[in-house]
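For reference, the structure is listed below as structure tokens.
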Amino acid sequence: MISLEEIRNLATLARLKLSGAEEESLQKDISSILDYVGQVSTVPMPERKQDAGLWHNVMRPDTPRDGGALAGKESALIAAFPKSEGGYNVVRKIIQKDE
Amino acid sequence: MNSLADLTIVEAGKRMSAGEITAVDLARACLKNIEARNKELNVYLEVFDDVVAQAEAADARRKAGESHPLLGIPLAIKDNILIEGRRVSAASKMLEHYVATYDATVIRKLKEAGAVFMGRTNMDEFALGGSTENSAFGVTKNPHDPTRVAGGTSGGSAAAVAAGMALGALGTDTGGSVRNPASFCGVVGLKPTYGSVSRFGIIAAASSFDQCGPLAKIVEDAEILFNAISGRDELDSTSVDSTFYSPKTHNKKIGVLRSLFAGEIDHITMGHFEDKLAKLRSAGYTIEDVEIPSASLALSAYYIINFAEVSANLSRFDGVRYGLSLKGENLWDDYAKSKAEGFGPETRRRIMLGTYVLSSGYYDAYYGKALAAREQLRNEYINLLNTFDAIATPTMPDIASKIGELGDPLAMYLADIFTVTANLTGNPAVSIPMGVVPSEGKELPVGIQLTAAHGDEAGLLALGHELQ
Numbered sequence: 755m756i757s758l759e760e761i762r763n764l765a766t767l768a769r770l771k772l773s774g775a776e777e778e779s780l781q782k783d784i785s786s787i788l789d790y791v792g793q794v795s796t797v798p799m800p801e802r803k804q805d806a807g808l809w810h811n812v813m814r815p816d817t818p819r820d821g822g823a824l825a826g827k828e829s830a831l832i833a834a835f836p837k838s839e840g841g842y843n844v845v846r847k848i849i850q851k852d853e
Numbered sequence: 289m290n291s292l293a294d295l296t297i298v299e300a301g302k303r304m305s306a307g308e309i310t311a312v313d314l315a316r317a318c319l320k321n322i323e324a325r326n327k328e329l330n331v332y333l334e335v336f337d338d339v340v341a342q343a344e345a346a347d348a349r350r351k352a353g354e355s356h357p358l359l360g361i362p363l364a365i366k367d368n369i370l371i372e373g374r375r376v377s378a379a380s381k382m383l384e385h386y387v388a389t390y391d392a393t394v395i396r397k398l399k400e401a402g403a404v405f406m407g408r409t410n411m412d413e414f415a416l417g418g419s420t421e422n423s424a425f426g427v428t429k430n431p432h433d434p435t436r437v438a439g440g441t442s443g444g445s446a447a448a449v450a451a452g453m454a455l456g457a458l459g460t461d462t463g464g465s466v467r468n469p470a471s472f473c474g475v476v477g478l479k480p481t482y483g484s485v486s487r488f489g490i491i492a493a494a495s496s497f498d499q500c501g502p503l504a505k506i507v508e509d510a511e512i513l514f515n516a517i518s519g520r521d522e523l524d525s526t527s528v529d530s531t532f533y534s535p536k537t538h539n540k541k542i543g544v545l546r547s548l549f550a551g552e553i554d555h556i557t558m559g560h561f562e563d564k565l566a567k568l569r570s571a572g573y574t575i576e577d578v579e580i581p582s583a584s585l586a587l588s589a590y591y592i593i594n595f596a597e598v599s600a601n602l603s604r605f606d607g608v609r610y611g612l613s614l615k616g617e618n619l620w621d622d623y624a625k626s627k628a629e630g631f632g633p634e635t636r637r638r639i640m641l642g643t644y645v646l647s648s649g650y651y652d653a654y655y656g657k658a659l660a661a662r663e664q665l666r667n668e669y670i671n672l673l674n675t676f677d678a679i680a681t682p683t684m685p686d687i688a689s690k691i692g693e694l695g696d697p698l699a700m701y702l703a704d705i706f707t708v709t710a711n712l713t714g715n716p717a718v719s720i721p722m723g724v725v726p727s728e729g730k731e732l733p734v735g736i737q738l739t740a741a742h743g744d745e746a747g748l749l750a751l752g753h754e755l756q
């Protein structure tokens, strides 16, 4: 069973704030789900590299395009900002002086 | 009920072309059903206030000489597909007040065709679930029995078609999210080949699985919708056109993945399934039991990859640029508070699981192995579908569950056993109503699922047509 400490560490990595009750219920759920999906451990890893069937790069010419579907939508995008000022997104100051 | 809303898209189009009815008549017939039952069933999160005006515009286009099978057809749109200027929330508090800044490619195409958008339909939050019980705005009830779920994650879209609140609908399918509610609500649901429909403007769940697909009353209607939305799109680099896969030669052979469900399905559902196979047999098809050796690994591989991709995709919702934005003591706190309040319990659970399977030390054991299983499964399907035209299973192991019945998340995941494979392998799959199962005085629909070779939607839908 996954430990409560691991749950708290995962929450920190995932930037989630969890209540004590949710930590405990997740400890139980996550353990049983991981037990189940852990059956993939029996699958042998392919020796060769995976072929390009599922994963391959899709390239396009490196030429300038107009804004596409977002051309002219600047004001709508700005309107979605939680807080804007003069067309800029106002965010929290994260670099602060040492005290 | 004898209403214009009961018409298929094919019939409604014919009657509009003949001048017998108008798009406004159709829209009003759907609005009447919405008025009567939407409060009870919670199908639409929002019914657009300009439906009649949209229908009038479609009628004007027809008068001006335009024609398209979807011109003036009222459609329901899942709440994770962007329509410019309208709210789109993915049924999440995170995006409750978010207004789309542009049209999804599928919406642009439907607008060009002249379809009428009735509203945005309820779903599991961020398309995570299988019953629409994970919506932040309440469960969608099954039109055939309101004590049961409509299925999910596209529960609202399937229920809208089943309850005559639209003639067709768009859903999205990540692990069965179009086919599962189609089975539970008694409608046709198609998950197209991965890449055949652009996802530009669709809120991502698990990007290597997500496909947008139609829900409709009959196979022909689903085909009209599929033809309207499919095709390569420069804005989705995973999209391909219809010539990408070489044409498939059909051998009139259907494989049945019997070992996966033998003994697990109730006898009435099995009876309907055997009837449908018999119908194919009498149409000249050979029916054979087949084996997919890796089939038992599908659920595990699917969920590991789903968790991983969901946790990566949802990390963008941090309250900085759009969506719910809550302030805490510092930047980390801002993120953590916004995510904790904005996401529901299932979404938080999957983010945690995804973070786990991708974390250092576990990546190879889970994600790496899941990818290997996926590749194995994909090759097994490709081989089998060289010989067979399609693989058949029931769509779901059971009828729609009672609301609140499946409390345990793992039990909920296990119900996806027949549907997740097509998302892992990228094959197209369709659910077609195959009959009803009586339960507590109600008749609950069940569906048969057919899976075909990559790019062979035409063959798949032709088979579906045989089964109707």
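Chains as they are written, first to last, in the numbering used here: chain A, 755 to 853; chain B, 289 to 756.
We treat Cβ as the ideally placed atom computed from N, Cα and C, and that holds for glycine.
Since the model is a prediction, treat every value here as computed from it, not as a measurement.
When the Cα atoms are used, what is the spatial distance from residue i to residue j?
| i | j | result |
| --- | --- | --- |
| B/PHE561 | A/TYR842 | 59 Å |
| B/LYS351 | B/ILE322 | 28 Å |
| B/ALA678 | B/VAL578 | 11 Å |
| B/THR393 | B/MET411 | 20 Å |
| B/CYS318 | B/MET453 | 4 Å |
| A/SER779 | B/ILE691 | 21 Å |
| A/GLY840 | A/SER829 | 11 Å |
| B/VAL250 | B/ALA306 | Beyond the ends of chain B as shown, which are 289 and 756, falls residue 250 of chain B; an answer cannot be given. |
| B/ALA451 | B/LYS320 | 11 Å |
| B/THR531 | B/GLU413 | 35 Å |
| B/PRO356 | B/ASN715 | For the sequence presented, residue 356 of chain B should be read as His rather than Pro. Using only the alpha carbons, I get a separation of about 28 Å. |
| B/ASN674 | B/ARG325 | 46 Å |
| B/ALA661 | B/ASN711 | 13 Å |
| B/GLU344 | B/ILE361 | 11 Å |
| B/ALA457 | A/LEU831 | 28 Å |
Less than 8 Å between the C-beta atoms of residue i and residue j, yes or no?
| i | j | result |
| --- | --- | --- |
| B/ALA494 | B/ASN594 | yes |
| B/ALA315 | B/VAL339 | yes |
| B/ALA516 | B/LEU732 | no |
| B/LYS429 | B/ALA415 | no |
| B/VAL528 | B/ALA504 | no |
| A/VAL794 | B/TYR654 | yes |
| B/GLY607 | B/ASP622 | yes |
| B/THR310 | B/ASP347 | yes |
| B/PHE405 | B/LEU455 | no |
| B/HIS742 | B/TYR590 | no |
| B/LEU665 | B/SER582 | yes |
| B/SER525 | A/VAL812 | yes |
Taking 7 Å as the limit between beta carbons, can you name the residues of its chain near residue i, skipping five residues before and five after?
| i | result |
| --- | --- |
| B/GLY630 | SER380, LYS381, MET382, PHE605, GLY611, LEU612 |
| B/PRO480 | GLN499, GLY501, PHE514, SER518, PRO716, GLU745 |
| B/GLY572 | LYS540 |
| B/GLU552 | PRO685 |
| B/ARG792 | Because residue 792 of chain B is not part of the residues shown, which for chain B are 289 to 756, the question remains open. |
| B/SER727 | ILE687 |
| A/LYS837 | VAL844 |
| B/ASN422 | ASP412, GLU413, LEU416, GLY632, GLU634 |
Please return the same chain residues whose Cβ sits closer than 8 Å to the Cβ of residue i, not counting the five positions on each side in sequence.
| i | result |
| --- | --- |
| B/VAL376 | ASP367, ASN368, ILE369, LEU370, LEU383, TYR386, VAL387, ALA388, ARG408, ILE491 |
| A/GLY821 | LYS827 |
| B/HIS753 | VAL507, GLU508 |
| A/LYS771 | ALA765 |
Relative to the C-alpha of residue i, which candidate in the options has its C-alpha closest?
| i | options | result |
| --- | --- | --- |
| B/THR681 | B/GLY543, B/TYR591, B/ASN618 | B/GLY543 |
| A/GLY792 | B/GLU328, B/GLY463, B/ALA586 | B/ALA586 |
| B/ASN719 | B/LYS730, B/LEU738, B/SER291 | The sequence given here places Ser at residue 719 of chain B; Asn does not occur at that position. Considering only alpha carbons, the answer is B/LEU738. |
| B/SER648 | A/LEU788, A/LYS837, A/LEU764 | A/LEU764 |
| B/ALA746 | B/ASN667, B/ALA470, B/ALA510 | B/ALA510 |
| B/LYS327 | B/ALA341, B/ARG303, B/MET640, B/ALA447 | B/ALA447 |
| B/GLY444 | B/ARG436, B/LEU568, B/PRO469, B/ALA424 | B/PRO469 |
| B/ILE575 | B/LEU665, B/SER599, B/ASN601, B/ASP563 | B/ASP563 |
| B/ARG396 | B/SER471, B/GLN664, B/VAL485 | B/VAL485 |
| A/ILE756 | A/PRO800, A/LEU770, A/ALA775, A/LYS782 | A/LYS782 |
| A/LEU758 | A/LEU770, A/ARG819, A/ARG769, A/GLU777 | A/GLU777 |
| B/MET700 | A/ILE848, A/SER786, A/LEU824, A/ASP816 | A/SER786 |
| B/GLU354 | B/VAL724, B/GLY402, B/VAL598 | B/GLY402 |
| B/GLY559 | B/ILE736, B/ARG609, B/ALA589, B/LEU659 | B/ILE736 |
Could you name the residues of the same chain whose beta carbon sits closer than 6 Å to that of residue i, not counting the 5 residues immediately before and after it, in chain order?
| i | result |
| --- | --- |
| B/MET289 | For B/MET289, the predicted structure reports a pLDDT of 48, less than 50, and the residue's modelled location is therefore unreliable. The matter cannot be settled from this model. |
| B/THR441 | MET411, ASP412, ALA415, GLY417, SER465 |
| B/ILE512 | ILE297, PRO357 |
What ranges does the alpha helix (DSSP H) occupy inside the stretch 631-715 of chain B, keeping only unbroken runs of at least 4 residues that lie completely in it?
633-646, 657-675, 697-702, 708-713
Report the residue ranges of all beta strand (DSSP E) runs contained in full by the stretch 563-634 of chain B; include only those spanning at least 3 residues, in chain order.
574-577
Taking only runs of the alpha helix (DSSP H) that begin and end inside the stretch 474-557 of chain B, which ones reach a length of at least 4 residues, in chain order?
507-517
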